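Peer 1:
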Amino acid sequence: MQAPPTSHNETIVSNHFKPHPWFRNNHLQTLWSRLAKYQCMATLHWHEFPLPDGDFVDLAWSDDPVTVAARPAPLVVIFHGLEGSARSSYADQLMLAARQQGWYAVVMHFRSCSGRPNRLARAYHSGDTGDARYFLQHLAEHFPNNPLFTAGYSLGGNMLVKLLAESPELPIVAASAVSPPLALAPSSVRVNKGWSRMYRNHLLNQLKQKTWLKLERGIIRSQLSISERTLLAIRDFPTFDNLVTAPLHGFADADDYYQQCSGLQFLPQVQHPLLVVHAKDDPFTCAASIPHPNQLSPQVHYELQQRGGHVGFIEQRQGKATPWLPPRLMHWFSLHTPHNK
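Residues in the sequence shown are numbered consecutively from 1, following UniProt numbering.
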């Protein structure tokens, strides 16, 4: 477990979340939320969404988009974490919670994360706001009667913080970011320590496999001066981001990528109501991702929980291990619906 944050952050510690007594360990919180079999969305409505550059992303809707457009209920737009999808437990649980409240939900998959490889050389990264902005603008135009709410998890949360700061004009009623690695460089080192290497290895293997397939298809050979052997030998995120992420997405190197895309620097510019939830024992992030109160715009409500792991937050409810995040986020969104203002 990482060292606790410095004392100047103690003023924003929240005790709203009480961990299940069996899951006080940060890794148990992180893993249980992914391995447990909770009720989930039985049916998702999949649609390909074309992008201006000729590529696409896949959307997973809680309901048919025609049905969504026909009824003026709120719509929750979900941005998943690194190598996540609509079937990631956190996304599935929020979709279910939204639907149970009479709302709609949709997951915008980042490029190549739906199970289908994207067409172009570029992929996605922690600060890639272009696709999300384009999709939200599309929703505002074609679903004008559905108030928009957004939720970003981990990588998707960092991306969302950056997007909100860059685009105050987006018609988002309220947003939430869960476990975002707001300081990318320290977070990339944090996962090289202890049990966190387990997550690092799993995610890197997925990223390397996708990159290797693009090398095989000849899609990225002109952008990357890297052999399959060098790719497969990568063992940490800074090396992967130096050799793959940076050259594919126009950054000088990994440090340039981390500096430009870390969400911490964008928090003061956020003009939408934003809930940010971190756990002090997050095995993916460190104290550098925890903002000082003077880094928060008046629109940002920051909660630093003592425990919860990374996108975990499993509590005990009626004797059962139950996800705390879906009702917390839905409550935050509900506070900002028109009838509650």
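Note that the Cβ used here is the ideal one computed from N, Cα and C, for glycine as well.
No experiment lies behind these values; they were computed from the predicted model shown.
#1: If threonine 285 sits next to serine 179, beta carbons under 8 Å apart, how far is it from one beta carbon to the other, in whole angstroms?
#2: Roughly how many whole angstroms lie between the Cα atoms of serine 114 and isoleucine 172?
#3: On a Cα-Cα basis, can you pick out the residue from Leu215, Arg87, Gln223, Tyr199 that is closest to arginine 229?
#4: Going by the CB atoms, is the gap between isoleucine 219 and alanine 121 shorter than 8 Å?
#5: Where does glycine 54 land, buried or exposed, given buried means 16+ other C-beta within 10 angstroms?
#6: When you compare each of Leu203, Cys40, Val244 to serine 222 by their alpha carbons, which one comes out closest?
#7: Between the segment 272-279 and the segment 304-312, are three or more C-beta pairs nearer than 8 Å?
#8: Pick out whichever of Asn205, Trp332, Ser154, Pro21 has its Cα sitting closest to the Cα of serine 85.
#9: In chain order, what residues of the same chain have a beta carbon less than 6 Å from the beta carbon of lysine 162, not counting five sequence neighbours either side?
#10: Quick test of the definition: if touching needs 3 or more C-beta pairs under 8 Å, does the segment 74-83 touch the segment 98-117?
#11: With a threshold of 6 Å on Cβ separation, who are the neighbours of histidine 336 within its own chain once the five nearest residues in sequence on each side are excluded?
#12: Quick check on the DSSP output: the beta strand (DSSP E) that includes arginine 317 runs from which residue to which?
#13: Between which two residues does the alpha helix (DSSP H) containing leucine 141 stretch?
#14: Provide the residue(s) that pair with serine 14 in DSSP beta bridges, ordered along the chain.
#15: Could you pull out every residue in the same chain whose Cβ sits closer than 6 Å to the Cβ of proline 19, ignoring the five residues on either side in sequence?
#16: Skipping 5 residues on each side, what residues in its chain have a beta carbon closer than 7 Å to that of proline 72?
#17: In chain order, what residues of the same chain lie with their CB nearer than 6 Å to the CB of alanine 69, ignoring the 5 residues before and after it?
#18: Going by Cα to Cα distance, which pick from Met330, Gln206, Tyr134, Pro268 is closest to phenylalanine 240?
#19: Taking C-alpha atoms, which residue in Arg328, Leu148, Thr322 lies nearest to proline 21?
#20: Identify which residue in His310, Arg111, Ser227, Val311 has its Cα closest to the Cα of glutamate 48.
#21: Rounded C-beta distance between leucine 231 and lysine 208? I'm assuming under 8 Å.
#22: Taking the alpha-carbon positions, what's the alanine 252 to serine 187 distance?
#23: Hey, quick one: how far does the beta strand (DSSP E) through alanine 151 stretch, first residue to last?
#24: What are the complete alpha helix (DSSP H) segments, minimum 4 residues, inside the segment 237-324?
#25: Consult DSSP for proline 338 and reduce its assignment to one of helix, strand or coil.
Peer 2: On the basis of the coordinates in this document:
#1: By 1-based counting over the sequence shown, the position of residue 285 is 285. By 1-based counting over the sequence shown, the position of residue 179 is 179. Confirmed, Cβ separation roughly 7 Å.
#2: As a working mapping, residue 114 is identified with position 114 in the sequence shown. As a working mapping, residue 172 is identified with position 172 in the sequence shown. Their Cα atoms are separated by approximately 24 Å.
#3: Counting from one through the sequence shown, the residue named residue 229 turns up at place 229. If we check each option's Cα against that of arginine 229, Leu215 comes out closest.
#4: Along the sequence shown, one-based indexing puts residue 121 at 121. Along the sequence shown, one-based indexing puts residue 219 at 219. Cβ atoms of alanine 121 and isoleucine 219: closer than 8 Å.
#5: Counted from its first residue, the sequence shown places residue 54 at position 54. Its Cβ having fewer than 16 others within 10 Å, glycine 54 is exposed.
#6: Translated into positions along the sequence shown, residue 222 becomes position 222. For serine 222, the nearest C-alpha among the options comes from Val244.
#7: yes
#8: Residue 85 sits at position 85 when you count from the first residue of the sequence shown. Looking at the Cα atoms, Ser154 is the closest of the given residues.
#9: Start at 1 with the first residue of the sequence shown, and residue 162 comes out as number 162. Cβ neighbours of lysine 162 beyond the five flanking positions: Gly127, Thr129, Gly263, Phe266.
#10: yes
#11: As a working note, residue 336 is residue 336 in the sequence shown. Val173, Ala174, Pro273.
#12: Looking up residue 317 in the sequence shown gives position 317. 314-317 is the extent of the beta strand (DSSP E) around arginine 317.
#13: On the sequence shown, residue 141 is found 141 positions in, with the first residue counted as 1. For the sequence presented, residue 141 should be read as glutamate rather than leucine. Looking at the DSSP string, the run of the alpha helix (DSSP H) that includes glutamate 141 is 130-142.
#14: Here the question's residue 14 lines up with position 14 in the sequence shown. DSSP lists Gln305 as partners of serine 14.
#15: Taking the sequence shown and counting its residues from 1, the one referred to as residue 19 is at position 19. Non-local C-beta neighbours of proline 19 in its own chain, meaning closer than 6 Å and more than five positions away in sequence, comprise Arg307, ordered along the chain.
#16: If you number the sequence shown from 1, residue 72 lands on position 72. Contacts found: Asn145, Asn146.
#17: Here residue 69 corresponds to residue number 69 of the sequence shown, with the count starting at 1. So the qualifying residues of the chain are Phe143.
#18: Along the sequence shown, one-based indexing puts residue 240 at 240. Phenylalanine 240 has its Cα closest to that of Gln206, out of Met330, Gln206, Tyr134, Pro268.
#19: As a first step, residue 21 must be located in the sequence shown, where it is residue number 21. Among Arg328, Leu148, Thr322, the Cα nearest to that of proline 21 belongs to Thr322.
#20: The residue given as residue 48 occupies position 48 in the sequence shown. The candidate whose alpha carbon is nearest that of glutamate 48 is Arg111.
#21: Against the sequence shown, residue 231 aligns to sequence position 231. Against the sequence shown, residue 208 aligns to sequence position 208. Indeed, because the Cβ distance is near 6 Å, the residues count as touching under 8 Å.
#22: For the purposes of this step, residue 252 is taken as residue 252 along the sequence shown, with counting starting at 1. For the purposes of this step, residue 187 is taken as residue 187 along the sequence shown, with counting starting at 1. Cα to Cα, alanine 252 sits roughly 19 Å from serine 187.
#23: Looking up residue 151 in the sequence shown gives position 151. Run containing alanine 151: 148-153, per the beta strand (DSSP E) assignment.
#24: List check, alpha helix (DSSP H) in window: 237-240, 254-261.
#25: For this step, residue 338 is matched to residue 338 along the sequence shown. If DSSP states are grouped into helix, strand and coil, proline 338 belongs with the helices.
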